[in-house]
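**Student:** At position 152 of the sequence shown (counting the first as 1) the number is 153 in my numbering, and the numbers step up by one without a gap. Positions of the beta carbon are idealized from the N, C-alpha and C atoms, including for glycine.
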Amino acid sequence: MILNISGRNMDTGAAFQEHARATLHSIVEKYFSNAVSGTVTLEKSDAGFEVNIRINLTKRIELESKGSARDAHAALDSAAEHAEKRLRRHKRRLKNHRSAAGQLEEDIQFAPMSVYAGAQQIQADQAEPLPEREAENDDDALPVIAELSYEVESMSVEQAVMRLELSGENCLLFRNSGHLGLNMVHLRNDGSIGWVDPRGNRNLAGPSA
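1) Given a threshold of 16 other Cβ atoms within 10 Å of its Cβ, counted over all protein chains shown, does V197 qualify as buried or as exposed?
2) Relative to the C-alpha of N177, which residue among H187, A161, S168 is closest?
3) Give me the Cβ distance between A70 and G49, rounded to the nearest whole Å; I'm assuming they're in contact under 8 Å.
4) Using DSSP's beta-bridge definition, name the partner residues of S155.
5) Indicate, with yes or no, if the ligand HEM has a heavy atom lying under 6 Å from the CB of G179.
6) In this structure, how does DSSP classify V197 when only helix, strand and coil are distinguished?
7) Hey, is D72's beta-carbon within less than 7 Å of any beta-carbon in chain D?
8) Please identify the residue among T24, S168, E30, L43 whose C-alpha is closest to the C-alpha of R87.
9) Considering only C-alpha positions, which residue in the set R200, S193, N10 is nearest to E166?
10) Under the rule that 16 or more other beta-carbon atoms within 10 Å means buried, what is A76, buried or exposed?
11) Label L58 either buried or exposed according to how many other C-beta atoms from any shown protein chain fall within 10 Å of its C-beta, with 16 as the threshold for buried.
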């Protein structure tokens, strides 16, 4: 696995880099030996240090975890522990995915995605917040930050849940391989994962006569 270790506006030091390589290679070899690449980013925070780990397990599956502590090495250990827990939880699913990857070509579609500025970003960009009445009467369209392309992959609900938990994202849009309809899984406020299937559990064979 190709591993890139860097500091954000700071020098990581040889000892930290050696610690990061040894720790991540040990974890990845234990649970998913075919990982493609990974990055470890160290930066200072109010509490001390924060470490962000991002590992590309395959071209499509990404693992991300974070850790913070007063000491840089402790922050790395915290992030690595979170990563290992996620890999351990999904070890069987990852193994099944690796076995099927060589047999089936992934079905991926691309959908246009616009990123809009949120209320907090708009307010932060303004020297003074707009008066309430003026804001209510403002008919201007929301500012678009970026125009992107979103990859919509075909997978099972179980695979989608795995992807969501490994990536650390809040939601994932996918095409349900059971009925080819668009579905979404999302992280709820209580830590559980919700599954949205707009048209229900459809059958590819269609309604019976």
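**Tutor:** The answer reads as follows:
1) exposed
2) A161
3) 6 Å
4) For S155, DSSP records a beta bridge to R176.
5) In the structure on display, the ligand HEM does not appear, and there are no ligands present to speak of.
6) strand
7) Absent from the structure is chain D; it holds one protein chain and no more.
8) Minimum Cα-Cα distance from R87 among the listed residues T24, S168, E30, L43 corresponds to S168.
9) S193
10) Classification for A76: buried.
11) buried
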